[in-house]
Amino acid sequence: MITRLTCLCCLLVCFTLNSQTWRLVTEPFPPFLIDNSEKPGWVHEVVIAALKSQNKKAVIEYTQWARALKLAKRHKHIAVLGAFYSEERAKVFYYSKPLGFANVVLFKRQDAVIRYDGSLESLLPYTISKGEDYVSSEEFTNNTTLGITTTRDLVESLYLLQQERVDLVAGTQEVAEYWLAHNSKLQNSDVVITALKPNIATHQLYIISAKSHPQSIEFQNELEKGLVEIINNGQAEIILNRYHLSDKEKQAFYSPFIRTEMP
C-alpha cells in the first residue's frame, strides 16, 4: 500500500509539473508585443512556441508597464516580456538572452523648434514626458536636472505632446510609430509628430523574472531550451517571416542562441 501511494504521489507531482501554466505579463509593445489574439506580435509568438516545445503552457496578460513589474516582483507572474536592461533592474531580475533590439528616441511636434544636439544639457529648457518605469538610458534616467514627467504609458505621453502640454516625449521609436499609425486616440489629431536624432539609446529586448521567485531559474532554463529548439526546427523562422522581420532583425534574434548563420 505504501509503495502504491508513493508511486501515486510521484505521478501526481510529475503531472503537476508537466501541466504547469506559466503566467507572463507585459505592456502592449507593438510591433513586438500586441494585445491582439489574431496577430499578437513576434515576441509573443516565439515565447509561447518556445515554452510549448518544452511541454509547458503559457498565458500572457497585457497591462500597464509599472504594474507588470510589480506583479512579477510579487510573484503573481513568473516573467515580464520585452524589458530593457538597467543596472537597477538587474538587481531584482534575472535576464534572458536578448531576443531583439529597439531604439529609444525623442519625439517632437514637427512645427516645434527644438535645439537638441545629442547632449542632455541641450534638453534642459524643455519638458519631457515618458511612461512610468520606462528605461530610456542610464544617463537619461539618472539625471535629476531634466524636466521629466511620467504618464501611464507611451500613448498618453504622445497625446500630451499632440496637445502641446509637453515639449518632447522619450520613447521607443518602433512602438511610437505603430501607435501613431494605429491608435484611435492619437489619430484624432492633425499634429505631425517626428523623431529627433541622434537616438537616446538602442536597447536589447529581454524576458525578465524576479530573482526572489523560487521557479525563476527553472523558467529561464526552459525558455532558453525552447527558443533553441524552435530555432533548430524552423518554427521561429516561420514566425519571424510572418512579421516581415529584416535580415538584421532576424540575426539579432538568432545570434545569442546559435553560432552559425541564421537559417
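Numbering (mature numbering (1 follows the signal peptide of the UniProt record, and there is no 0)), first residue to last: -19 to -1, 1 to 244. Virtual Cβ for every residue (Gly too), placed ideally from N, Cα, C.
Is residue i buried or exposed, if buried means 16 or more other CB atoms sit within 10 Å of its CB?
i    : result
K229 : exposed
S110 : buried
G215 : exposed
H225 : exposed
H25  : buried
Out of the options, point me to the one whose CA is closest to residue i's CA.
i           : options               : result
E8          : K33, S118, I41        : I41
S100        : N180, T175, K89       : N180
L50         : K206, A31, R70, S34   : R70
I239        : K206, V94, R223       : K206
residue 255 : F82, S118, V156, F88  : Absent from the model: residue 255. The displayed extent of the chain is -19 to 244, so no value can be given.
F112        : S118, T130, K178, Y76 : For the record, residue 112 in the displayed sequence is Gly; it is not Phe. Of the candidates S118, T130, K178, Y76, the one whose C-alpha sits nearest the C-alpha of G112 is T130.
W46         : E145, V116, Q196      : V116
Tell me the DSSP secondary structure of residue i in three-state form.
i      : result
C(-13) : Residue confidence for C(-13) is low, a pLDDT of 43 falling below 50, so the modelled location carries little weight; the figure read from the coordinates is stated next. In the structure shown, C(-13) sits in a helix (DSSP, three-state: H, G or I).
I219   : helix
L(-8)  : Residue placement at L(-8) is poorly supported in this model, since its pLDDT is 39, which falls under 50; the coordinates are not used for a value here.
Y224   : coil
V6     : strand
R48    : helix
F13    : coil
T108   : strand
E242   : For E242, the predicted model reports a pLDDT of 45, less than 50, meaning its position is unreliable; a value from the coordinates is still stated below. Looking at E242 - three-state DSSP - the assignment turns out to be coil, as it is neither helix nor strand.
T183   : strand
Y75    : strand
Assuming residue i is part of the alpha helix (DSSP H), what are its boundary residues?
i    : result
L204 : 197 to 213
K229 : 228 to 235
T132 : Where T132 is concerned, there is no enclosing alpha helix (DSSP H), although the beta strand (DSSP E) it sits in stretches over 128 to 132.
L139 : 135 to 143
A93  : Segment: none, A93 is in no alpha helix (DSSP H) and carries neither H nor E.
V27  : 23 to 34
With respect to the beta strand (DSSP E) encompassing residue i, which residues constitute its N-terminal and C-terminal limits?
i    : result
E42  : 38 to 43
V150 : 149 to 153
F65  : No beta strand (DSSP E) contains F65, which DSSP labels as neither H nor E.
K89  : 81 to 90
Measure the beta-carbon distance from residue i to residue j and round it to whole angstroms, keeping in mind my assumption that it falls under 8 Å.
i   : j    : result
A64 : Y187 : 5 Å
V73 : K192 : 6 Å
A53 : I220 : That belief does not hold up - the Cβ atoms of A53 and I220 are roughly 24 Å apart, past 8 Å.
G81 : F200 : Actually they do not touch by this definition, with Cβ atoms about 19 Å apart.
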